[in-house]
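Chains as they are written, first to last, in the UniProt record's numbering: chain L, 1 to 196; chain E, 1 to 196.
Idealized CB from N, CA, C, for every residue including glycine.
Number of protein chains: 2
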Amino acid sequence: MRRPAGETREDILNKAEELFRTRGYANAAIADIAHALGMSPANVFKHFHSKASLVDAIAARHMEVKFAGLASVDTNRPAPERLLELAQRLMASHRRDLEENPYIFEMILLTAKDDLQCGHRYRDIVRNALEAIIVDGAKDGEFAPQRSRRAADAAFHALACVLHPVMIANEQPDILATRCEEVVRLINAALQTTLD
Amino acid sequence: MRRPAGETREDILNKAEELFRTRGYANAAIADIAHALGMSPANVFKHFHSKASLVDAIAARHMEVKFAGLASVDTNRPAPERLLELAQRLMASHRRDLEENPYIFEMILLTAKDDLQCGHRYRDIVRNALEAIIVDGAKDGEFAPQRSRRAADAAFHALACVLHPVMIANEQPDILATRCEEVVRLINAALQTTLD
Chain L
1 MRRPAGETRE DILNKAEELF RTRGYANAAI ADIAHALGMS PANVFKHFHS
51 KASLVDAIAA RHMEVKFAGL ASVDTNRPAP ERLLELAQRL MASHRRDLEE
101 NPYIFEMILL TAKDDLQCGH RYRDIVRNAL EAIIVDGAKD GEFAPQRSRR
151 AADAAFHALA CVLHPVMIAN EQPDILATRC EEVVRLINAA LQTTLD
Chain E
1 MRRPAGETRE DILNKAEELF RTRGYANAAI ADIAHALGMS PANVFKHFHS
51 KASLVDAIAA RHMEVKFAGL ASVDTNRPAP ERLLELAQRL MASHRRDLEE
101 NPYIFEMILL TAKDDLQCGH RYRDIVRNAL EAIIVDGAKD GEFAPQRSRR
151 AADAAFHALA CVLHPVMIAN EQPDILATRC EEVVRLINAA LQTTLD
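Below is the structure:
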């Protein structure tokens with residue numbers, strides 16, 4: 001009996017993650033994943049055309065789980081504090097991921113040349129969370145009125161130094177904690193004026 | 001006759017750059033560099049203990065040349081404009097480097113785990129240039145009074161999204177140009193207030 005395509009897809013992702021974790025990203029080929037699943041490589045290729053597309057799908061799945069609670073930062077607190085907490089929570093989450101699964105860093109480096117969908121998805125999730133805070137802050141008079149989406153975009157990019165894996169993978173925790181506070185302080189200060 | 005150690009060092013760096021450029025960083029070993037120079041690998045190791053230390057020295061040499069004129073941005077112009085021009089010039093320079101010498105990107109990815117001195121040197125050069133602008137801006141009333149070094153540090157980190165090779169290597173020029181303007185706008189807005 002043939003299994004539904006969705007289940008096969010999940011099987012492939014699970015096995016790919018397992019092999020990337022145990023052997024390292026560079027050392028696990030699509031053929032290895034197929035072999036471990038008792039499938040033909042052609043069958044895996046039907047679902048994923050490249051290792052990069054596997055990375056994309058693994059990252060997407062990871063993000064749905066990881067960032068489900070992102071909006072749950074206490075909305076009663078002042079917007080500048082919420083912005084700091086958002087940045088700190090994201091940074092801590094990424095650091096944990098990198099520590100627990102070193103293969104993620106290898107995976108990110110080896111797909112750095114590819115324009116993966118997961119990068120855009122990540123930006124959208126974080127930018128939306130930032131935008132919500134900026135809108136609330138402007139409503140409560142904690143921030144100046146903003147073109148909120150544009151401001152959220154600038155804030156997202158400014159936060160790359162504490163969110164992007166390449167920026168945080170080899171940095172000391174105390175240095176990162178300070179950097180995060182300082183960059184959020186900069187963003188919060190900028191949001192006191194209308195960025196036009 | 002033995003050559004002075006300084007000259008031998010330069011010879012090694014020149015040959016290493018040439019081989020990295022022509023073969024790719026990953027495909028040129030220290031033994032290859034020694035062989036191409038008619039030297040023993042032990043002799044190369046005397047000067048450079050690892051490929052990472054070669055990268056460090058190549059990058060340091062590159063920066064001295066590249067950033068010699070960094071302070072020469074017209075100091076009569078308003079500080080916010082100078083800040084934008086500094087960011088744009090640095091970004092353009094890095095983009096040119098990456099385009100002309102793709103091996104640089106490979107080199108950066110493969111040493112991403114190493115804590116290289118050139119990274120600290122780069123931060124110092126750029127932070128000093130930023131600090132000079134921030135000090136002038138505060139003097140001329142274009143910025144609020146600042147703890148200038150700390151503000152320059154925050155600005156430097158916020159600019160990683162348009163300066164770090166991993167952030168810019170695969171991005172469209174028009175997207176990068178906009179991002180650079182938006183992040184500098186954010187920084188300039190923040191500097192209107194005292195960041196304490």
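For the region 148 to 194 of chain L, the full-length alpha helix (DSSP H) segments reaching 4 residues or more read 148 to 158, 160 to 163, 165 to 168, 173 to 190 along the chain. Around L:GLU17, no beta-carbon contact reaches into chain E at under 9 Å, the shortest distance being about 22 Å. Taking the C-beta atoms as reference points, E:ALA34 is found no nearer than 8 Å to L:MET167. What L:THR193 touches in chain E, judged by beta-carbon distance under 7 Å, is ALA189, GLN192, going in chain order. Listed by position along chain L, the residues whose Cβ is nearer than 8 Å to that of E:VAL44 form an empty set, because the closest Cβ is around 26 Å away. DSSP places E:HIS94 in the helix class (H, G or I) of the three-state scheme. With respect to E:GLU131, E:PRO80 sits apart: the two C-beta atoms are not nearer than 8 Å.
Residues are counted here when their Cβ sits less than 7 Å from a Cβ of chain E; for the region 98 to 113 of chain L these are LEU109, ALA112, LYS113, given in chain order.
Fewer than three pairs of CB atoms, one per stretch, sit closer than 8 Å, so the region 145 to 158 of chain L makes no contact with the region 81 to 89 of chain E. Of all residues in the region 161 to 182 of chain E, those with a C-beta nearer than 8 Å to a C-beta of chain L are CYS161, VAL162, HIS164, VAL166, MET167, ALA169, ASN170, ARG179, GLU182, reading in chain order.
In this structure the region 117 to 126 of chain E does not touch the region 117 to 127 of chain L; the number of beta carbon pairs closer than 8 Å is below three.
A distance below 8 Å separates the beta carbons of E:LEU84 and E:VAL184. One finds ALA154, ALA190, LEU195, ASP196 in chain L with Cβ atoms closer than 9 Å to the Cβ of E:ARG185, taken in chain order. Under the rule that a run must span 4 or more residues, the alpha helix (DSSP H) segments found entirely inside the UniProt domain "HTH tetR-type" (6 to 66) of chain L read 30 to 37, 41 to 47, 51 to 66.
Under the 8 Å Cβ criterion, the region 167 to 181 of chain E counts as touching the region 106 to 113 of chain L, having at least three qualifying pairs. Listed along the chain, the chain L residues whose CB falls inside 7 Å of the CB of E:ASP115 are ASN170.
With its beta carbon less than 8 Å from one in chain E, L:HIS157 belongs to the interface.
Counting along the chain, no alpha helix (DSSP H) covers L:GLN146, and no H or E run does either. In this structure, DSSP gives L:ARG89 a helical state, which the three-state scheme calls helix. Boundaries of the alpha helix (DSSP H) around L:ASP124: 117 to 139. Counting only the Cα atoms, L:ARG9 lies some 39 Å from E:ASN101.
Leaving aside the five residues that flank L:ASN188 on each side, the residues in its chain whose CB is nearer than 7 Å to its CB run, in chain order, PRO80, LEU83. Taking a C-beta distance under 8 Å as the contact criterion, L:VAL44 and L:ILE58 do not qualify as a contact pair. From the listed residues E:PHE67, E:TYR103, E:HIS157, the smallest Cα separation to E:ALA28 is found for E:TYR103. Annotation for E:ASP97: ILE104 place their beta carbon closer than 7 Å to its own, counting only its chain and skipping 5 residues before and after. E:ARG82 sits in a helix when the DSSP states are folded into three classes. Counting C-beta atoms within 10 angstroms of its own C-beta, L:HIS157 has 16 or more neighbours from the protein chains shown and is therefore classed as buried.
C-alpha of E:ILE108 to C-alpha of E:PRO165: approximately 8 Å in a straight line. With contacts defined as CB atoms closer than 8 Å, E:LEU195 and E:ALA154 qualify as a contacting pair. Judged by DSSP secondary structure, L:PRO102 falls within the alpha helix (DSSP H) whose first and last residues are 102 to 110. Around the beta carbon of L:ALA5, a 10 Å sphere encloses fewer than 16 other beta carbons of the protein chains shown; the residue is thus reported as exposed.
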